[in-house]
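Chains as they are written, first to last, in this note's numbering: chain A, 90 to 419; chain B, 90 to 419.
Even glycine gets a Cβ: it sits at the ideal position worked out from N, Cα and C.
See below for the structure under consideration.
Right, dumping it as structure tokens:
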């Protein structure tokens, strides 16, 4: 495959700088990946392809939780804990709403004050692209770039809106759901979709007067999870309590993540899951490309929108509509 | 749009016969929908489109449960109950494994002895097409045909393998999960994905010595579900016990299904869900068409397989791979 000329971008030099861990090179590379310009996208594909042998070595952890649960302070505490143990930690986010709300959940780095001050941490807000698929694709590639730059733990935060948790679960090795204490009637409901995804439930704010409530909540969640068949026969998702404020239990969270990795490696599920994720990414990116083709031409775009509305109204059968759209793609 | 000549198939006559409720016409129409021949598929699209105004009026119920739970006897009991109340009941199935196992779960109509003897019931085994998407598409169209033929309740059975439950949930208004009695340690685990989908959990075999165990199981499932946030704020999935053998509780199951419909209608979720399902079907069928294009040419097929393997092995980045496949589709 002959690559078209790509203006002034020196992909080789950028890859080299990134590999030696230059933060500015990493930031520039992620910006390139996030760009919507056609020549940038082509350059980004070459860059990621060039760096591919240097990727895949990090522990990838997805973290979700409702607003107010303390996601940022948890990531700050966990990140600092890891850095003190010699790790390099990258923090990314999938927040498809950030484009609309005008800011990212990670925009306010002051909420990760200690972590953002460390030169062994790299914190990047969510890309502000339109669709969840678009945001996810860019975050996946940013993750690969962080790995190539030497970060050996990648934490991917999500706001848990719509399908964003599934998307983050699909790009990580371990999915951690954060909850608040409370028991009985005040117990925070677990979103149903989350039960399917979580490799661990961790209850924050287990400190001071809250410890007892946190333990009660943990017991209730354990009881509920007990009835559900685990996703892997080699891993029963634990329910743990911790405090992002005092740091109590942060070590246990990390130990569980490592135990999970050991169990998944031993059963062969780790490698299998990574393989499946990569193939799934490919098909998902292909789908996005096809959708982009439908959106690129204003005439086609308006036709598709019209057909979609007629299908919703029950005036055109889905099969016939699909045929009509397929003809436009041919 | 000018329709090409379609050999000897008289779509207009077939549609007319089907609308007047001729069973032979319905059977022939479903066979047409299931055919893989290009001209048949085109004719099937025209037929479904012609009948579209006569569709959508049935109550569509998806039913899942592990082997041995008594799906067939439950459908038999529920179906007869409905027929006695003046309904016309169609029973369809989504079983993507039926092609491999050489037979359909519904092949043995003797397991629905009473229902299959009624001329107010129509039982059709799962289409034996290859992929889940293909099976689902054909079942969705068969459902529309049954509605046009005057069946006002459609029960869609699934074996619950892989994603088949999601697929059946996406084509129905109400998703019913059947379970067996048992309590404590012998309690049957709820598959995690199922919790997300089920609008009701019903515990079969609540008869004779089993009644107490069934009630205990119901209490445990209720406790577990209580902790989960329901999908709709207007519907908390109930847990009921019944016996397909004695018929006890079958009336309650149906009453709950009607209550759900009333609640969904009142909140506007019913119409919204149908609209979303139709649009989702369209995109899913478009995706299948594009995949079919990739499979049609042996040279392209083998190239795609090679790229997929290289992505799984981490030798090609997903974005670059997607680009290469997209070029083949252009």
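Among B/315, B/264, B/271, B/331, nearest to residue 296 of chain B - alpha-carbon criterion: B/331
What do you get for residue 216 of chain B, buried or exposed, if any count of 16 or more other CB atoms within 10 angstroms of its CB means buried? buried
Neighbour list for residue 407 of chain B in chain A, Cβ cutoff strictly below 7 Å: 367, 370, 371, 374
Inter-stretch contact (C-beta, 8 Å, three-pair minimum) for the stretch 297 to 317 of chain B and the stretch 362 to 375 of chain B: no
Would you tell me roughly how many angstroms separate the C-alpha atoms of residue 230 of chain B and residue 203 of chain A, rounded to the nearest one? 58 Å
Going along chain A in order, which residues have a C-beta closer than 8 Å to the C-beta of residue 320 of chain B? 281
Whole beta strand (DSSP E) runs in the stretch 259 to 284 of chain A with 3 or more residues, listed along the chain? Listed in chain order, they are 263 to 268.
Measure the Cβ-Cβ separation of residue 243 of chain B and residue 183 of chain B and say whether it is below 8 Å. no
Do residue 255 of chain B and residue 233 of chain B have their C-beta atoms closer together than 8 Å? no
When you compare the CB positions of residue 395 of chain A and residue 284 of chain B, do they come within less than 8 Å of one another, or not? Going by C-beta atoms, residue 395 of chain A is not nearer than 8 Å to residue 284 of chain B.
Using 8 Å as the Cβ pair cut-off and three pairs as the minimum, do the stretch 378 to 385 of chain A and the stretch 101 to 114 of chain B touch? No, the stretch 378 to 385 of chain A is not in contact with the stretch 101 to 114 of chain B.
By the 9 Å beta-carbon criterion, what residues does the stretch 340 to 365 of chain A contribute toward chain B? Under the 9 Å Cβ criterion, the stretch 340 to 365 of chain A contributes 363, 364, 365.
Helix, strand or coil: which one does DSSP assign to residue 242 of chain A? Of the three classes helix, strand and coil, the one that applies to residue 242 of chain A here is strand, per DSSP.
Across which residues does DSSP place residue 321 of chain B in a beta bridge pair? B/324
Within 8 Å (strictly less), CB to CB, does residue 138 of chain B reach chain A? yes
List the DSSP bridge partners of residue 153 of chain A. A/247, A/266
Following the continuous alpha helix (DSSP H) through residue 232 of chain A, name the residue where it begins and the one where it ends. 221 to 237
Just the chain B side, please: which residues come within less than 8 Å of residue 379 of chain A by C-beta, in chain order? From the beta-carbon of residue 379 of chain A, the residues of chain B found nearer than 8 Å are 379, 415, 418.
Just verifying my parser: in three-state terms, what is the DSSP assignment at residue 179 of chain A? Correct three-state label for residue 179 of chain A: strand.
Return the CA-CA distance between residue 136 of chain A and residue 104 of chain B, expressed in angstroms with no decimal places. 56 Å
Since residue 201 of chain A is in the alpha helix (DSSP H), which residue starts that stretch and which ends it? Segment: none, residue 201 of chain A is in no alpha helix (DSSP H) and carries neither H nor E.
Chain A contact for residue 141 of chain B (CB, 8 Å cutoff): yes
Cutting at 8 Å between CB atoms, please list the residues of its own chain near residue 263 of chain A, excluding the five before and the five after it. Counting only Cβ-Cβ distances below 8 Å, and skipping sequence neighbours, we find 148, 149, 150, 151, 288, 289, 346, 349, 350.
In or out: residue 247 of chain B buried (at least 16 other Cβ within 10 Å) or exposed? buried
Beta carbon of residue 121 of chain A nearer than 8 Å to that of residue 211 of chain A: The answer is no: Cβ separation not under 8 Å.
Buried or exposed for residue 278 of chain A, going by 16 or more other Cβ atoms inside 10 Å? exposed
Listing by chain order, which chain A residues have their CB less than 8 Å from the CB of residue 317 of chain B? Below the 8 Å Cβ cutoff, chain A contributes 278, 279, 280, 281, 284, 313 as neighbours of residue 317 of chain B, in chain order.
Going by C-alpha to C-alpha distance, which of B/133, B/387, B/384, B/259 sits closest to residue 406 of chain A? The shortest Cα separation from residue 406 of chain A among B/133, B/387, B/384, B/259 belongs to B/133.
So which residues on chain B does residue 257 of chain A lean against when the C-beta distance must stay under 9 Å? Within 9 Å Cβ-Cβ: nothing; residue 257 of chain A doesn't reach chain B, min ~16 Å.
Exposed or buried, residue 165 of chain A, counting other C-beta atoms within 10 Å across all chains shown (16 or more means buried)? So residue 165 of chain A ends up on the buried side.
Please list the terminal residues of the continuous alpha helix (DSSP H) segment that includes residue 113 of chain B. 112 to 123
Residues in its own chain within less than 6 Å of residue 176 of chain A by CB, not counting five upstream and five downstream? 241, 242
Pair within 8 Å by beta-carbon distance, residue 373 of chain A and residue 222 of chain A: yes
So residue 134 of chain B contacts chain A; which residues on that side make the cut at Cβ distance below 8 Å? 406, 408, 409, 412
Kindly indicate which residue of A/181, A/201, A/261 has the alpha-carbon position closest to the one of residue 235 of chain A. Closest in C-alpha terms to residue 235 of chain A, from the list A/181, A/201, A/261, comes A/181.
Could you please give the first and the last residue of the uninterrupted alpha helix (DSSP H) stretch that includes residue 487 of chain B? Here chain B covers residues 90 to 419 and nothing more, so residue 487 of chain B does not appear.
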